[in-house]
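Below is one structure, written out as structure tokens; comments come after it.
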Amino acid sequence: DTEVTQTPKHLVMGMTNKKSLKCEQHMGHRAMYWYKQKAKKPPELMFVYSYEKLSINESVPSRFSPECPNSSLLNLHLHALQPEDSALYLCASSQETSVLTEQFFGPGTRLTVL
Amino acid sequence: AQKVTQAQTEISVVEKEDVTLDCVYETRDTTYYLFWYKQPPSGELVFLIRRNSFDEQNEISGRYSWNFQKSTSSFNFTITASQVVDSAVYFCALSEADTGRRALTFGSGTRLQVQP
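Chains as they are written, first to last, in my numbering: chain A, 642 to 755; chain B, 3 to 118.
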């Protein structure tokens, strides 16, 4: 199984809502990532988890709250978002070894904040 | 700080033409990795290739080939005999190993349109 799955595929939420994005992989990868991608832009790193511990937070606003409940799952909790947070949110995973390996990406969640 | 430049914003070719996508990178690390990803309209990023900084051998995979030149800090990607299914945005990316920062820095992407 070389797949990263993400749910939901699409999400529309108001600025006062609380929602969560989910990501799952069963490749035994111990590094997982959240990226944000605006239209016609490259993905931008938000968070990196290594062995279920947060290792990188790219100064992301606290209205985005990541969580890694176990080695296969990665969540992104959303609260009080702004319309400018509308974007494609991509999850990725990779092996955590001394040699950098490729990241495998999920299909993304397209988020619209009204 | 690392940086990846893809100067070609958009390229349009006719099917069966060869096309080269340019990628130039900047890094202070001596150990780093370069990647190419394809993003079709569906949105999912598809991994194409990974190269480490010590391996300058060119690589060919079917219609795809990559030319890595450390002397010019370039990692160019050529599609031979392009097909309509090659239409996508292609991203070059860099990951530095010396700092232990396991994150990808992407170029701005090149949108390739292959016309039938």
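No residue lacks a Cβ here, since even glycine has one placed at the ideal position from N, Cα and C.
Confirm, please, whether the CB-CB distance from Lys660 of chain A to Leu719 of chain A is below 8 Å.
-> Translated into positions along the first sequence, residue 719 of chain A becomes position 78. Translated into positions along the first sequence, residue 660 of chain A becomes position 19. In terms of Cβ geometry, Leu719 of chain A and Lys660 of chain A form a close pair [threshold 8 Å].
Starting from Phe56 of chain B, trace the beta strand (DSSP E) both ways and give me its first and last residue.
-> Here the question's residue 56 of chain B lines up with position 54 in the second sequence. It is not in any beta strand (DSSP E) - Phe56 of chain B carries neither H nor E in the DSSP assignment.
Buried versus exposed call for Thr32 of chain B [16 or more other C-beta atoms within 10 Å across all chains shown] = For the purposes of this step, residue 32 of chain B is taken as the residue at position 30 of the second sequence. Around the CB of Thr32 of chain B, fewer than 16 other CB atoms lie within 10 Å, so the residue is classed as exposed.
Roughly how many angstroms lie between the CA atoms of Ile51 of chain B and Lys18 of chain B, to the nearest whole one?
-> Your numbering for residue 51 of chain B matches position 49 in the second sequence. Your numbering for residue 18 of chain B matches position 16 in the second sequence. Rounded to the nearest angstrom, the gap between the Cα atoms of Ile51 of chain B and Lys18 of chain B is 22 Å.
State yes or no: is the beta carbon of Ser89 of chain B nearer than 8 Å to at least one beta carbon in chain A?
-> On the second sequence, position 87 is the one that residue 89 of chain B refers to. Interface flag for Ser89 of chain B against chain A is unset, since no Cβ pair is found closer than 8 Å.
Run the CB neighbour count on Gln647 of chain A, radius 10 Å, all protein chains shown included, and call it buried at 16 or more, exposed below.
-> The residue you call residue 647 of chain A lines up with position 6 of the first sequence. Classification for Gln647 of chain A: buried.
Could you tell me how far apart the beta carbons of Val116 of chain B and Val15 of chain B are, in whole angstroms, since I believe they sit closer than 8 Å?
-> Counting from 1 along the second sequence, the entry for residue 116 of chain B is found at position 114. Counting from 1 along the second sequence, the entry for residue 15 of chain B is found at position 13. With a contact defined as Cβ atoms closer than 8 Å, Val116 of chain B and Val15 of chain B qualify at about 6 Å.
Using Cβ-Cβ distances below 7 Å, what residues of the region 46-62 of chain B are close to chain A?
-> The region 46-62 of chain B vs chain A, Cβ under 7 Å: Glu46, Leu47, Phe49, Arg52.
Could you run through the region 742-754 of chain A and flag, in chain order, every residue whose CB is less than 9 Å away from some CB of chain B?
-> Flagged, chain order: Thr742, Glu743, Gln744, Phe745, Phe746, Gly747, Pro748, Gly749, Arg751.
When the Cα atoms are used, what is the spatial distance from Arg751 of chain A to Tyr92 of chain B?
-> The residue given as residue 751 of chain A occupies position 110 in the first sequence. The residue given as residue 92 of chain B occupies position 90 in the second sequence. The C-alpha of Arg751 of chain A lies about 20 Å from the C-alpha of Tyr92 of chain B.
Counting only the same chain and skipping the five closest in sequence on each side, list residues whose C-beta sits under 8 Å from that of Met656 of chain A.
-> Here residue 656 of chain A corresponds to residue number 15 of the first sequence, with the count starting at 1. So the list reads Ala721, Leu722, Gln723, Pro724, Val754, Leu755, once near-sequence residues are dropped.
What do you reckon, are the CB atoms on Thr11 of chain B and Arg113 of chain B nearer than 8 Å?
-> Position 9 of the second sequence holds residue 11 of chain B. Position 111 of the second sequence holds residue 113 of chain B. Yes, these two residues count as a Cβ contact at 8 Å.
Contacting positions in the region 680-701 of chain A - beta carbon closer than 9 Å to chain B | Answer set for the region 680-701 of chain A: Lys681, Lys682, Pro683, Pro684, Glu685, Leu686, Val689, Ser691, Ser696, Ile697, Glu699.
Assign Glu98 of chain B to buried or exposed, taking buried as 16 or more other Cβ atoms, counted over all protein chains shown, within 10 Å of its Cβ.
-> In the second sequence, residue 98 of chain B corresponds to position 96, counting from 1. By the neighbour-count criterion, in which a residue is buried when 16 or more other Cβ atoms sit within 10 angstroms of its Cβ, Glu98 of chain B is buried.
What are the start and end residues of the beta strand (DSSP E) that includes Gln723 of chain A?
-> The count along the first sequence starts at 1 and reaches residue 723 of chain A at position 82. Segment: none, Gln723 of chain A is in no beta strand (DSSP E) and carries neither H nor E.
Under 8 Å between the Cβ atoms of Gly111 of chain B and Pro683 of chain A?
-> Locating residue 111 of chain B in the second sequence gives position 109, counting from the first residue. Locating residue 683 of chain A in the first sequence gives position 42, counting from the first residue. Against a cut-off of 8 Å, the Cβ pair of Pro683 of chain A and Gly111 of chain B comes out as a contact.
Sub-8 Å separation of Ser84 of chain B and Asp20 of chain B beta-carbons | Taking the first residue of the second sequence as 1, we reach residue 84 of chain B at position 82. Taking the first residue of the second sequence as 1, we reach residue 20 of chain B at position 18. Yes, the pair counts as a contact, with Cβ atoms nearer than the cut-off.
If you measure beta-carbon to beta-carbon, which residues of the region 713-735 of chain A are closer than 8 Å to chain B?
-> Going along the region 713-735 of chain A in chain order, one finds Leu729, Leu731, Ala733, Ser735 with a Cβ nearer than 8 Å to chain B.
On the DSSP bridge assignment, give the partners of Lys660 of chain A in chain order.
-> As a working mapping, residue 660 of chain A is identified with position 19 in the first sequence. Lys660 of chain A is bridged to A:Leu719.
DSSP-derived helix/strand/coil call for Lys72 of chain B = Sequence index remark: in the second sequence, residue 72 of chain B carries index 70 (1-based). Looking at Lys72 of chain B - three-state DSSP - the assignment turns out to be helix.
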